[in-house]
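S.K.:
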Amino acid sequence: MTKLTRRAALGASLALPTLARAQDVWPSRSVRIIVPYAAGGGTDVTTRAIAEQLTARFGRSFVVENRPGANGIVGTEAVARSAPDGYTLGAQTSTHIMARQLGPLPYDPVTDFTLLSITARYPMVMMASMRAPFQDVGGLIRAARAQPGGVPQGTSDAQSSFAARQFALRAGIELNEVPYRGSGAYLADLTAGHLPVAWGSPATAAALVASGQVRVIGVTSPQRSPYLPDVPTLTEAGVPQTDFVGWFAILAPARLPTTIAMQLNTAINEIIATPAMRARYATLGNEAAPMDLEQLAALMRADDAKWEQATRDGLIRRTP
């Protein structure tokens, strides 16, 4: 009995490292992805499409949690303050880096995060209500010049505000900006005709365009979007130097273990390259943009410098 007991104890001790490694395998439980904007907007829609595929790939639930507030700062801070263990991720847009120029932040948008993937690139689109008294960019400009204070233009974050401000400056019109808490928040006003124009991503506009509730009258990309081939760029519409291409991303708190970061980077890059996801993106006006971790870190630094220059040029204004 003594020999048997010793052998059993030895066997159990040898099994412990294997058991510990099995328990440490990521993910061993569900993962949450915090979207710092309201449900229904482009960030939310794109993130849910990725989360669905990550769930299928890893066999654990990737749950999207909407936590809007303070132009995305509330949800983003929650990600920054989370444990870097791979169980709390965040969804972001180009405004993540731009936000530094708008005012003080409770986190550093570059050093407090690990950028895991650019899930999609997209232009901003100018959406007009079907009840607006104009049908194209030229008509909007004429209406703005005839209306003291300009035509109301809905925005929902720093990037849509930048696009609207850049457009107004280049078009030589006054900007009557109406800020909303997330693109999902202005859709009711836009479709009801209470708001004539709004700026958002193609993902935000897709369903409304398909149902005939809004029309897209301009895009901010240098070339026409392959998903909106009949919509002119703003340069084509007579307003040059109004280029903007944004991105959706998945990130994590800083100091995320490299092994987890590489797993997520590889998984998302492979997901966005599949025919099924490309077809899904086609309905949202998004384009895949796979990058490795080094390229992503370089992108964050480049965007930081770009938005700093835009602030010096007066296209981004700090909040008082």
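Residue numbers for the sequence shown follow this note's numbering, so the first one is 159 and each next one is one higher.
Glycine residues also receive a C-beta, built at the ideal position from the N, C-alpha and C atoms.
Output the distance between the C-alpha atoms of residue 566 and residue 440, rounded to the nearest integer angstrom.
M.R.: Only positions 159 to 478 of the chain appear in this structure, which leaves residue 566 out of reach.
S.K.: In terms of residues, what are the limits of the beta strand (DSSP E) holding residue 265?
M.R.: Here residue 265 refers to the residue found at position 107 when the sequence shown is read from its first residue. Residue 265 -> no beta strand (DSSP E), and no H or E assigned at all.
S.K.: Identify which residue in 250, 224, 409 has its Cα closest to the Cα of residue 197.
M.R.: Along the sequence shown, one-based indexing puts residue 197 at 39. It is 224 whose Cα lies nearest to the Cα of residue 197.
S.K.: Which parts of the stretch 168 to 238 are runs of the alpha helix (DSSP H), unbroken and 4 residues or longer, counting only runs that do not cross its ends?
M.R.: Qualifying alpha helix (DSSP H) stretches, in chain order: 200 to 216, 231 to 238.
S.K.: What's the call for residue 355, buried or exposed, on a 16-neighbour Cβ count within 10 Å?
M.R.: Reading the sequence shown from its first residue, position 197 is the one you call residue 355. Under this definition residue 355 is a buried residue.
S.K.: Would you kindly check if the distance between the Cβ of residue 348 and the Cβ of residue 287 is under 8 Å?
M.R.: Taking the first residue of the sequence shown as 1, we reach residue 287 at position 129. Taking the first residue of the sequence shown as 1, we reach residue 348 at position 190. Yes, Cβ-Cβ distance for residue 287 and residue 348 is below 8 Å.
S.K.: From residue 457 to residue 403, what does the alpha carbon distance come to, in whole angstroms?
M.R.: As a working note, residue 457 is residue 299 in the sequence shown. As a working note, residue 403 is residue 245 in the sequence shown. Computed Cα separation, rounded: 13 Å.
S.K.: When you compare only the Cα positions, how much space is there between residue 308 and residue 248?
M.R.: Translated into the one-based positions of the sequence shown, residue 308 becomes position 150. Translated into the one-based positions of the sequence shown, residue 248 becomes position 90. Residue 308 and residue 248: Cα-Cα distance of roughly 36 Å.
S.K.: Please confirm whether residue 335 and residue 322 have their CB atoms less than 8 Å apart.
M.R.: Counted from its first residue, the sequence shown places residue 335 at position 177. Counted from its first residue, the sequence shown places residue 322 at position 164. Yes, they are a contact pair.
S.K.: Candidates 212, 473, 423, 434: which alpha carbon is nearest residue 449's?
M.R.: For the purposes of this step, residue 449 is taken as the residue at position 291 of the sequence shown. That would be 423, whose Cα lies nearest to the Cα of residue 449.
S.K.: Note down, in chain order, each residue of its chain lying with its Cβ closer than 6 Å to the Cβ of residue 466, except the 5 sequence neighbours on either side.
M.R.: Sequence index remark: in the sequence shown, residue 466 carries index 308 (1-based). For residue 466, where only same-chain residues beyond five positions count, there are no Cβ hits under 6 Å.
S.K.: So, with DSSP's three-state summary, where would you put residue 355?
M.R.: Your numbering for residue 355 matches position 197 in the sequence shown. Note: residue 355 maps to strand in three-state DSSP.
S.K.: Skipping 5 residues on each side, what residues in its chain have a beta carbon closer than 6 Å to that of residue 212?
M.R.: The residue you call residue 212 lines up with position 54 of the sequence shown. The answer, listed in chain order, is 220.
S.K.: Under the rule that 16 or more other beta-carbon atoms within 10 Å means buried, what is residue 470, buried or exposed?
M.R.: Here residue 470 refers to the residue found at position 312 when the sequence shown is read from its first residue. Exposed is the call here.
S.K.: To the nearest angstrom, report how far apart residue 433 and residue 245 are at their CA atoms.
M.R.: Walking along the sequence shown from the start, residue 433 turns up at place 275. Walking along the sequence shown from the start, residue 245 turns up at place 87. Taking the straight line joining both Cα atoms gives about 28 Å.
S.K.: With 16 as the cutoff for other CB atoms within 10 Å, does residue 369 come out buried or exposed?
M.R.: Position 211 of the sequence shown, counted from the first residue, corresponds to residue 369. By the neighbour-count rule (16 or more Cβ atoms within 10 Å), residue 369 is not buried but exposed.
S.K.: Helix, strand or coil: which one does DSSP assign to residue 371?
M.R.: Here the question's residue 371 lines up with position 213 in the sequence shown. Three-state DSSP puts residue 371 in coil, outside helix and strand.
S.K.: Using a Cβ-Cβ cut-off of 6 Å (strictly less than) and excluding sequence neighbours within five positions of residue 256, which residues of its own chain qualify?
M.R.: If you number the sequence shown from 1, residue 256 lands on position 98. Cβ within range, chain order: 316, 465.
S.K.: Kindly indicate which three-state DSSP category residue 292 falls into: helix, strand or coil?
M.R.: Counting from one through the sequence shown, the residue named residue 292 turns up at place 134. Reduced to three states, the DSSP call for residue 292 is coil.
S.K.: Given a cut-off of 8 Å, decide if residue 188 and residue 426 are closer than it, judged by their beta-carbon atoms.
M.R.: To locate residue 426, count along the sequence shown from 1; it is residue 268. To locate residue 188, count along the sequence shown from 1; it is residue 30. Contact flag unset, no.
S.K.: Would the beta-carbon of residue 364 fall within 8 Å of that of residue 443?
M.R.: One-based indexing of the sequence shown puts residue 364 at position 206. One-based indexing of the sequence shown puts residue 443 at position 285. Yes, they are a contact pair.
S.K.: So which of 185, 241, 228, 437 has the shortest CA-CA distance to residue 218?
M.R.: By one-based count along the sequence shown, residue 218 stands at place 60. The shortest Cα separation from residue 218 among 185, 241, 228, 437 belongs to 185.
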